[in-house]
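Q:
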Amino acid sequence: MSDNQVIQNSGPFRAGDRVQLTGPKGKLNTITLEPGKTFHTHRGILEHDDIIGRPDASVVTNNVGVEHLALRPLLIDFVMSMPRGAAIIYPKDAAQILAQADIFPGATVVEAGVGSGALSLWLLRAIGPAGTLASFERREEFSDVARSNVATFLGTDPRNWTITLGDLADTLPETMPAQSVDRVVLDMLAPWECIDVVSDALKPGGVLLCYVATVTQLSRVAEAIRATGNYTNPDSHETMVRGWHVEGLAVRPDHRMIGHTGFLITARRLAPDTILPELKRRPSKTDFSDADVELWTPGALGERSVSAKVMRKRNRTAENGAALSKARDLDAG
C-alpha cells in the first residue's frame with residue numbers, strides 16, 4: 001500500500017470490513033467481519049461467513065429466516081457509531097466546517113483538539129493525499145482513540161496526518177513555521193487563548209474557524225479575534241437539521257430534529273500591517289469582568305470527564321477495529 005493509499009470501500013465484502021446491518025424493524029447494528037464469527041440477536045444468528053464475499057448492499061438471512069440489509073457504512077454512519085473518547089463533532093457541523101473554512105485539496109490544515117477523530121476523517125478526505133493535517137490534542141487517551149478510529153475507517157495510518165500532544169499555544173510555534181498554514185479549526189473550551197499563535201501560523205487570507213458550544217464562549221472568542229486586529233470581522237452561525245417523513249401523501253416534518261450542537265465562528269487573516277476599515281455599527285459592551293471570565297471555566301461550562309475504566313474499554317474497542325481493518329486482504333474479491 002502506498003503512503004497515502006486507502007482501502008477502496010466498494011466491491012464484495014472482505015474480512016476486516018465494517019458492515020452496517022439493518023434489521024426488519026429498522027434497527028441498525030455495525031459489525032466487523034471476521035471469518036468463523038457470528039452476530040447474535042434475539043431473533044437468530046447471522047454467520048459472518050454468509051456476508052463475506054457478497055456484494056455491497058446485499059440482503060442476508062440468518063438461521064431462522066430473518067433478513068438483514070448489509071451495507072458498508074458511509075463516513076457519516078461510521079462517525080456516529082465509532083468508539084468515542086471525547087464528544088464528536090456532528091456531521092451537520094462537520095459539513096459546515098468544510099464549507100465555511102473552505103477546506104480544499106492540498107491544503108495545510110491545523111486542527112485542535114482531535115477529540116475522537118471524527119472531524120479528522122472529514123478533513124483528511126477533503127484535503128486529499130496532497131494535503132497535510134496537523135492535529136493537536138492535550139489528552140493522550142483521546143489521541144489514541146482518534147488514531148485507531150481513523151485507521152479503522154481508512155485501513156491505514158495516513159502519512160499526511162500527525163497528532164501532537166500538548167497545548168496548542170505551546171506546541172504550534174514549535175511545529176508549524178510562520179505563515180505556513182492555510183486553515184485552522186479550533187474545537188476547544190478556550191480558543192481565545194490560542195489566537196496569537198494561530199495568527200503567526202496562518203498565511204494572509206487564511207481562515208480561522210472556531211467551534212464552541214455556548215453563547216458566552218462565542219462572545220469571548222469573537223471579541224478576542226477582533227482585539228488582535230489581525231482578522232476580518234468574525235462571522236457566526238449555527239446549523240439545525242430537521243428531517244421529513246415522506247410516504248405517499250403523508251408528508252410532514254419529523255417530530256424530532258437535531259437542534260443546537262455548537263456555534264461556528266470564522267474570520268480571515270489579514271496581511272501584516274493591514275488595518276481593517278472600521279465597521280459602522282452601534283456600540284456594544286465588549287469588556288469582561290472577573291465574574292464574566294469565571295463563567296467560561298471548564299467547570300461552569302459543564303465539561304464532562306470520562307472515567308479511566310471507560311476510556312480503557314473504548315481504546316480496546318477502537319484498537320481492535322483498527323487492527324482488523326489494517327489486516328484486510330486487499331486482493332480478496
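Just so we're aligned: the sequence shown equals residues 1 to 333 in the UniProt record's numbering.
Virtual Cβ for every residue (Gly too), placed ideally from N, Cα, C.
In this text the structure is predicted, and so the values were computed from the model without any measurement.
Just how far apart, CA to CA, sit G243 and K27?
A: Between G243 and K27, the C-alpha separation is close to 18 Å.
Q: Within 10 angstroms of its Cβ, does A227 collect 16 or more other Cβ (buried), or is it exposed?
A: The residue in question, A227, is exposed, as its Cβ has fewer than 16 Cβ neighbours within 10 Å.
Q: Which whole-angstrom value is the C-beta distance of D50 and F13, which I expect to be below 8 Å?
A: Actually they do not touch by this definition, with Cβ atoms about 10 Å apart.
Q: Skipping 5 residues on each side, what residues in its chain have a beta carbon closer than 6 Å to that of residue 336?
A: With the chain represented from 1 up to 333, any question about residue 336 goes unanswered, as that position is not in the structure.
Q: Within its chain, find whatever has a CB closer than 8 Å to the CB of E140; leave out the 5 residues flanking it on each side and keep chain order.
A: Excluding residues within five positions, the ones whose Cβ falls inside 8 Å are L165.
Q: Considering only their Cβ atoms, is the gap separating P173 from A318 smaller than 8 Å?
A: Result no, Cβ atoms of A318 and P173 do not sit closer than 8 Å.
Q: Mind reading off the beta-carbon distance from D167 to A107? Whole number of angstroms is fine, and I expect it under 8 Å.
A: At roughly 24 Å, the Cβ-Cβ gap does not stay under 8 Å, so D167 and A107 are not in contact.
Q: Any idea if N230 is buried or exposed, counting beta-carbon neighbours within 10 angstroms, 16 or more meaning buried?
A: So N230 ends up on the buried side.
Q: By the DSSP assignment, the alpha helix (DSSP H) with I225 in it spans what residues?
A: That run of the alpha helix (DSSP H) goes V215 to T228.
Q: Unbroken alpha helix (DSSP H) runs of length 4 or more, entirely within the segment 107-194: which are they?
A: Those alpha helix (DSSP H) runs which fall completely within the segment 107-194 and span 4+ residues are 118-127, 140-154 and 168-175.
Q: What's the gap between the Cα of D170 and the Cα of M188?
A: Rounded to whole angstroms, D170 to M188 spans 15 Å at the Cα level.
Q: Which value, in whole angstroms, describes the spacing of the CA atoms of T266 and E238?
A: Roughly 12 Å separates the two Cα atoms.
Q: By the three-class DSSP mapping on this structure, what secondary structure does M257 have?
A: Looking at M257 - three-state DSSP - the assignment turns out to be strand.
Q: Counting pairs of beta carbons, one from the segment 121-136 and one from the segment 92-109, are three or more of them closer than 8 Å?
A: Verdict: yes, contact present.
Q: Just how far apart, CA to CA, sit D17 and V145?
A: One C-alpha to the other measures close to 19 Å.
Q: Excluding five sequence neighbours on each side, which residues of the same chain lie with their C-beta closer than 6 Å to the C-beta of R43?
A: Excluding residues within five positions, the ones whose Cβ falls inside 6 Å are V66.
Q: Quick check: what's the CA-CA separation for G205 versus V184?
A: If you take the alpha carbons of G205 and V184, they lie about 12 Å apart.
Q: Using three-state DSSP, classify R14 as helix, strand or coil.
A: Residue state, collapsed to three classes: coil.
Q: Alpha carbon to alpha carbon, how far is Q179 from E193? Give it in angstroms, no decimals.
A: Cα to Cα, E193 sits roughly 19 Å from Q179.
Q: Look up G333 in the DSSP assignment and say whether it is helix, strand or coil.
A: Note that G333 has pLDDT 47, beneath the 50 cutoff, so the model's placement of it is unreliable and the number below is only indicative. Reduced to three states, the DSSP call for G333 is coil.
Q: On the premise that T32 lies in contact with G321, defined as a C-beta separation below 8 Å, what is that separation, rounded to the nearest angstrom?
A: That pair is a contact at about 6 Å.
Q: Suppose the cutoff is 8 Å on Cβ atoms and the five residues either side in sequence are ignored; what does the same chain contact list for L209 look like?
A: Cβ within range, chain order: I97, Q100, A101, R183, V184, V185, L186, L264, I265 and T266.
Q: Would you say I163 and I127 are within 8 Å of each other, going by their C-beta atoms?
A: Their beta carbons are not under 8 Å apart, which means I163 does not touch I127 by this criterion.
Q: Starting from the C-beta of V197, find all residues in its chain whose C-beta is less than 8 Å away, skip the five residues before and the five after it, and write them out in chain order.
A: Closer than 8 Å at the Cβ level, and outside the excluded window around V197, lie L168, A169, L172 and P173.
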